[in-house]
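K.L.:
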Amino acid sequence: MHLPEAEGVIKFTLSYTASDEGLDCPDFDALNHSRSLLWQWGVVGQDDLRYGGLGYGNVSVRTVERESTGAFVITGTQTGHLPTLTAQHYAQVLSYDVKRHWLQAFGARKPSSEAMTHAAIYQCMPTTVNAVIHGHHPRIWQQAQALGLVCMAADIAYGTPQMAQVMQAVLRDTQPARNTVVMLGHEDGFITWGESLAEAVALVRQLLQDAAHIP
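Take the sequence shown: its position 109, counting from 1, is numbered 109 in UniProt numbering, and each next residue is one higher.
In structure tokens, the structure reads:
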């Protein structure tokens with residue numbers, strides 16, 4: 001488990017252009033609606049008593065028109081505390097290099113500190129994954145074994161090159177149950193993906209329901 005003050009810090013090399021240019025995201029309304037649901041469920045949010053009071057959780061969707069490049073739109077860094085977002089709270093990731101731990105993006109906000117992990121998943125599953133959710137929830141995290149979820153080791157910190165590399169190794173070597181991996185080195189953290197936003201959101205909802213019924 002890492003120190004609260006480290007949460008929310010971008011650890012990859014970021015080539016970022018601040019811009020009010022419109023996002024290239026045909027699914028933006030669905031993305032923003034999904035993010036609102038996750039906030040209502042507490043999977044995305046902000047709690048003064050956890051993580052040093054910083055916002056947590058993020059969601060992304062692959063941009064259809066740029067599918068061949070692996071580009072995606074993701075919630076901006078430290079927007080978790082906001083109940084509703086606009087396009088000004090997202091960033092467009094244009095390209096990335098997981099091996100170099102480098103990412104290029106533009107938008108009114110810098111991309112989430114977990115953007116490289118999202119990129120690693122999109123790169124590893126270019127035709128089957130179009131949405132990724134990184135959430136925090138104590139019950140899912142604590143009941144990972146009972147839920148049958150794959151877990152990353154506790155010494156793998158969020159947002160690091162090791163996190164992205166291990167994520168890709170997990171995806172290459174296994175088929176994680178419920179399309180979910182729990183991050184033991186990232187308090188309450190887990191990451192879920194789907195062929196669509198609707199699928200990824202439904203998976204998270206089912207995890208919440210199942211975790212609530214475990215004694």
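The C-beta atom is built at its ideal place from N, Cα and C for all residues, glycine as well.
1. For the alpha helix (DSSP H) containing W141, list its first residue and its last residue.
2. Taking DSSP as the reference, what is the three-state secondary structure of P176?
3. Nearest to R100 by CA position, among V150, Q162, S34, is which residue?
4. Counting C-beta neighbours from all protein chains within 10 Å, is the total for E21 16 or more, i.e. buried, or is it exposed?
5. For the beta strand (DSSP E) that contains F106, what are its first and last residues?
6. What's the C-alpha gap between V150 and G107?
7. Once you ignore the five residues that flank T77 on each side, which residues in its own chain have a CB closer than 7 Å to its CB?
8. Do G55 and T84 count as a contact pair if the criterion is CB distance below 8 Å?
9. Is it a yes or a no for the stretch 45 to 55 touching the stretch 15 to 30, going by three-plus beta-carbon pairs under 8 Å?
10. Can the beta-carbon of H136 be found closer than 8 Å to that of S60?
11. Report the CB separation of W141 from F190 in whole angstroms; it is logged as a contact under 8 Å.
12. With I214 and Q143 assumed to form a contact (beta carbons below 8 Å), what rounded beta-carbon distance in angstroms separates them?
13. Terminal residues of the continuous alpha helix (DSSP H) containing I10?
14. Tell me whether L147 is buried or exposed, calling it buried when 16 or more other Cβ atoms sit within 10 Å of its Cβ.
15. Who are the near neighbours of residue 220 in its chain, counting only those whose CB is closer than 8 Å to its CB and skipping five residues on each side?
16. Whole-angstrom Cβ separation of L184 and A153, contact assumed at under 8 Å?
17. Quick check on DSSP: helix, strand or coil for Y122?
18. Beta strand (DSSP E) containing Q92: first to last residue?
19. In angstroms, rounded to a whole number, what distance separates the CA positions of R41 and V170?
20. At what residue ranges does the stretch 28 to 73 contain a whole run of the beta strand (DSSP E), taking only runs of 3 or more?
21. For T160, which residues from the same chain have a beta carbon less than 7 Å from its beta carbon, with the 5 sequence-adjacent residues on both sides left out?
22. For L49, is the classification buried or exposed, using 16 other Cβ atoms within 10 angstroms of its Cβ as the cut-off for buried?
P.N.:
So, from the data block:
1. 138 to 142
2. coil
3. Q162
4. Counting other Cβ atoms within 10 Å of its Cβ, E21 stays below 16 and is therefore classed as exposed.
5. 102 to 107
6. Using only the alpha carbons, I get a separation of about 33 Å.
7. G8, I10, R109, K110, P111, S112, S113
8. no
9. no
10. no
11. 6 Å
12. 5 Å
13. Looking at the DSSP string, I10 is not in any alpha helix (DSSP H), and its letter there is neither H nor E.
14. buried
15. Past the boundaries of the shown model lies residue 220; the chain is included only from 1 to 215, so the question cannot be answered.
16. 6 Å
17. helix
18. Start and end: 90 to 97.
19. Looking at the sequence shown, residue 41 is not Arg but Trp. Each residue's alpha carbon lies about 27 Å from the other.
20. 58 to 62
21. K11
22. exposed
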